[in-house]
Amino acid sequence: MNHDELGRFLRARREALRLADVGLVPGGRRRVRGLRRSEVAVLADVSVDYYERLEQARNAHPSEAVVGSLARALRLSVDERDHLYRLAGYAPPARGAARGYVDPAMMFLLDSLTTVPAHVTDDLNTMLAQNRLSRVLVGSWVAGDDRAGNVTWQWFTDPASRALNVPEEHEAIGRGYAADLRASIGQRGEDSSAIRLVGDLLRASEEFTRYWNDMAVEPLKSSRKHLIHPHAGPLDVQCDVILSNTTGHRMVIFRPQPGSTTADGFAFLGVLGAQAFTV
529 MNHDELGRFL RARREALRLA DVGLVPGGRR RVRGLRRSEV AVLADVSVDY YERLEQARNA
589 HPSEAVVGSL ARALRLSVDE RDHLYRLAGY APPARGAARG YVDPAMMFLL DSLTTVPAHV
649 TDDLNTMLAQ NRLSRVLVGS WVAGDDRAGN VTWQWFTDPA SRALNVPEEH EAIGRGYAAD
709 LRASIGQRGE DSSAIRLVGD LLRASEEFTR YWNDMAVEPL KSSRKHLIHP HAGPLDVQCD
769 VILSNTTGHR MVIFRPQPGS TTADGFAFLG VLGAQAFTV
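This note's numbering puts the first residue of the sequence shown at 529, with every later residue one more than the last.
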C-alpha cells in the first residue's frame, strides 16, 4: 500500500469537487477549495478523524469496503476507482462487484431526483445508494451489506419487507426477483458471492425455491406497482429501471402513474422527510 500516494490522490479528488457535484446545496463563502474533509467523511460514512489520517498518510489502512465508499463519495470514474484500489493494495473489483462503489453517472442522476423516490442497486439487488425520498418511502437500507442490504434476500426472509406492496402483487414480484437473480448469475459466471446468496435463499425460503426451480431467466425490468404507505396512502407507480453499461448497476425510479394522486403523495412524503431530517 502506498500511503503517501493514496493521501495525495484523495486530496486532489476532494479538492476537485464542488458541493453541487455531490448533491449538496452551496451556501455562503468557503475558505477551502473543493469539499471539506468532513463532508467527504459523511458521504463515505467514515469518521472525520479516520479520513484525515488517510489523506495525511498517518498509518490508516482502509478495507476494500471503505475504498469503495470513498470512490463513491468522491464520484470517481471506473478508471479512477481502480487506481484507488491499487493504491490501497487491492485488486480492482470485477464488473458487477460493487463493494460500496456507485457509478458516478448514477450518483449524479440520483442527486438530481428530488421529487420522486429512487435508489441504486448492484446486479444482485444489493442496495448501494438511496435518495431522501427513497429512504422516507421504503426506509433506510444498509448500503452494500450482503444480507441486510439485499432487496431479494429481505423479500424472501423478512415479511416486513413486503408491507408496502399489495398482497395481489407479491407472487409476481417474488418471481421477478428469482428470475432476475438467475439472469445476473448467468452474467457473472462462477462468482462466489452470487452462488452463496442463492444457496442461502434456497435454505431459507421454500417460496424462493419454488420460483428458482421454474428456471425463469429475466433481468429486472420496468413494472407497475401499487403501494400502500401508512402516511401517504395508496401510491400507483411505475418502477423504471435504468441500467449502467459500465458497472451493471441499476437505478430504480418510482415514477407516478399519470392521472393518479401519487405525485401529491410523494410531495407529502417529502415534507415528512424534511421534518424528520430537521429533527
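Positions of the beta carbon are idealized from the N, C-alpha and C atoms, including for glycine.
According to DSSP, residues forming a beta bridge with residue i
i	result
P762	I756
P784	V765
V648	A657 and M779
N693	L755
N530	DSSP, once it has assigned bridges, lists no residue as partnering N530.
N678	T654
L771	R778
Proximal residues to residue i (C-beta, below 6 Å), its chain only, five neighbours per side dropped
i	result
P645	L661, S662, L665 and F782
F805	Any answer about F805 is weak, because its pLDDT of 44 lies below 50 and its placement is not dependable; what the coordinates show is given next. If we look at F805 and ignore the five residues flanking it on each side, it has no Cβ neighbours.
D639	G551
Alpha-carbon spacing of residue i relative to residue j, whole angstroms
i	j	result
V807	V568	Confidence in V807 is poor, its pLDDT being 33 and thus under 50, which makes the residue's placement unreliable; the coordinate value appears in the next sentence. Looking at the two C-alpha atoms, the distance is approximately 23 Å.
R581	L602	17 Å
D610	S597	13 Å
V648	R778	6 Å
M743	G727	15 Å
Q785	D573	35 Å
L563	R541	9 Å
K753	G801	22 Å
G787	S566	44 Å
A619	V670	24 Å
H531	N773	32 Å
R558	Q584	22 Å
E543	P747	39 Å
S605	T654	20 Å
V570	V576	8 Å
L641	H757	20 Å
P695	P762	13 Å
N693	A760	14 Å
Neighbourhood of residue i by C-beta distance below 7 Å, restricted to the same chain and skipping five residues each side
i	result
A616	M529, L534, P590 and V595
S689	Q682 and W683
K749	V769
M634	V648, S772, H777 and M779
T685	A732 and S733
CB contact check: residue i to chain C, cutoff 7 Å
i	result
R724	In summary, chain C is missing from the structure at hand, where a single protein chain is found.
Contacts around residue i, its chain only, beta-carbon distance under 8 Å, and the 5 residues preceding and following it disregarded
i	result
F537	H611, L612 and L615
T643	L661, A791, F794, A795 and G798
Distance CB(residue i)-CB(residue j) smaller than 7 Å
i	j	result
A657	G628	no
T790	V769	no
V679	A707	no
F736	L725	no
G776	D607	no
A722	R731	no
A703	Y739	Here residue 703 is Arg; the residue named in the question, Ala, does not match the sequence. For R703 and Y739, yes; Cβs fall inside 7 Å.
R600	V630	yes
Inset, instruction - Go through the segment 541-579 residue by residue and report every complete run of the alpha helix (DSSP H) that reaches 4 residues or more, in order. - result: 565-572
Legend entry - Any beta strand (DSSP E) of 3 or more consecutive residues that is wholly inside the segment 696-752: Correct list: empty.
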